[in-house]
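My numbering numbers the first residue of the sequence shown as 40 and each following residue consecutively. Heads up, the beta-carbon is just placed ideally off N, CA and C, and yes, glycines get one too. Quick caveat, the model's predicted, so the values are computed rather than measured. One structure is given below, encoded as structure tokens.
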Amino acid sequence: FSKINEALGYKLKKDLFGENFSGKIILHAATQKDRSSLRFHIMETLDEYMATLRDLVESVIKLENVYLVIRPHPVFRLDEQQFRSFLPSSDRIRFVSRGSFEKVLSICDLLVSFSSTCIEEALQNDIPVLLYDRWNRYNHFKIEEITSVASFTKKPAWYLSDSALLTQTMEYILKAAEKGSFSKEEMASYKYPAEYCQNFYKYVEACFPARGGSASG
């Protein structure tokens, strides 16, 4: 998993927004497949992906001092100008298509995604996640859906399908969930425990036991 790096994040934030930036950053990233590839049901089509982004842009525009950073998936072959032509016009959108995910993750206050391993990467770094599924099709954690403002509670992960609640939901999360504000107990249900790493290493060692002899063996 990526680990946030304050030095990398500071440099990227400065490059994207300038020296004295003090706003909030929502990051959108999701797994994509091109039209000719096998696509599982838990992945958005390219048209669905763009529809999700349009909802996000329209919602971010309504928020004060909040910016949207879009991390296009490598299979998405449009350049930034073409990409923007499909989205509502806004000076609060930035695209980061190059560099490590670690760098872009280091600047965000909230990750929005439909389906991706970046969901786990964000939560491992104590960054809250909004699972936005306007198709009402895939709930990554099988958590309770947000259906009204009255159901808002401080928590690391949210599931939402109603676009009408998107602006209020993101605003609430950004205000209530600063980086590092969650206790270990609050994060426990969403993080892989440290011992999982050791189990993975043991599994790899069992599958590929070390061999003696020459390096070319």
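Query                                                                                                                                                                     : Result
Please return the same chain residues whose Cβ sits closer than 7 Å to the Cβ of Glu97, not counting the five positions on each side in sequence.                         : Pro127
Between which two residues does the alpha helix (DSSP H) containing Arg123 stretch?                                                                                       : Glu119 to Ser124
Determine the DSSP secondary structure at Glu184, reduced to helix, strand or coil.                                                                                       : strand
Where does Lys230 fall in DSSP's three states?                                                                                                                            : coil
Helix or strand or just coil, what does DSSP make of Lys101?                                                                                                              : coil
Can you list, in chain order, the residues of its chain with a C-beta nearer than 8 Å to that of Ser155? Leave out the 5 residues immediately preceding and following it. : Ala68, Ala69 and Thr70
From what residue to what residue does the alpha helix (DSSP H) around Leu144 run?                                                                                        : Phe140 to Leu144
Going by DSSP in three states, Arg137 sits in which element: helix, strand or coil?                                                                                       : coil
In three-state DSSP terms, what is Lys63?                                                                                                                                 : strand
Opposite Val151 in the DSSP bridges: which residues?                                                                                                                      : His67 and Leu169
The beta strand (DSSP E) spanning Tyr198 covers which residue range?                                                                                                      : Ala196 to Leu199
How would you label Ala254, buried or exposed, when you count the other beta carbons within 10 angstroms and need 16 or more for buried?                                  : At Ala254, the pLDDT of 41 sits below 50, so the modelled position is not reliable; the number obtained from the coordinates is stated separately. Ala254 comes out exposed.
Identify every residue that forms a DSSP beta bridge with Val108.                                                                                                         : Leu66 and Arg133
What number of angstroms, rounded off, separates the C-alpha of Ala215 from the C-alpha of Ser222?                                                                        : 13 Å
Looking at the secondary structure, which residues open and close the alpha helix (DSSP H) in which Glu159 lies?                                                          : Cys157 to Gln163
How would you call Val143, buried or exposed, if buried means at least 16 neighbouring beta carbons within 10 angstroms?                                                  : buried
Taking the beta carbon of Lys53 as the centre, do at least 16 other beta carbons fall within 10 Å, making it buried, or is it exposed?                                    : exposed
Nearest to Ser81 by alpha carbon, out of Ile185, Asn178 and Ser228?                                                                                                       : Residue identity check: residue 81 is Ile in the sequence provided, not Ser. Checking every option, the nearest Cα to that of Ile81 belongs to Asn178.
What would DSSP say about Glu58, mapped onto helix, strand or coil?                                                                                                       : coil
At the level of alpha carbons, what is the spacing between Ile64 and Trp197?                                                                                              : 17 Å
Round the Cβ separation of Asn44 and Glu160 to the nearest angstrom and send it over; I've been treating them as touching at under 8 Å.                                   : That pair is no contact at about 13 Å.
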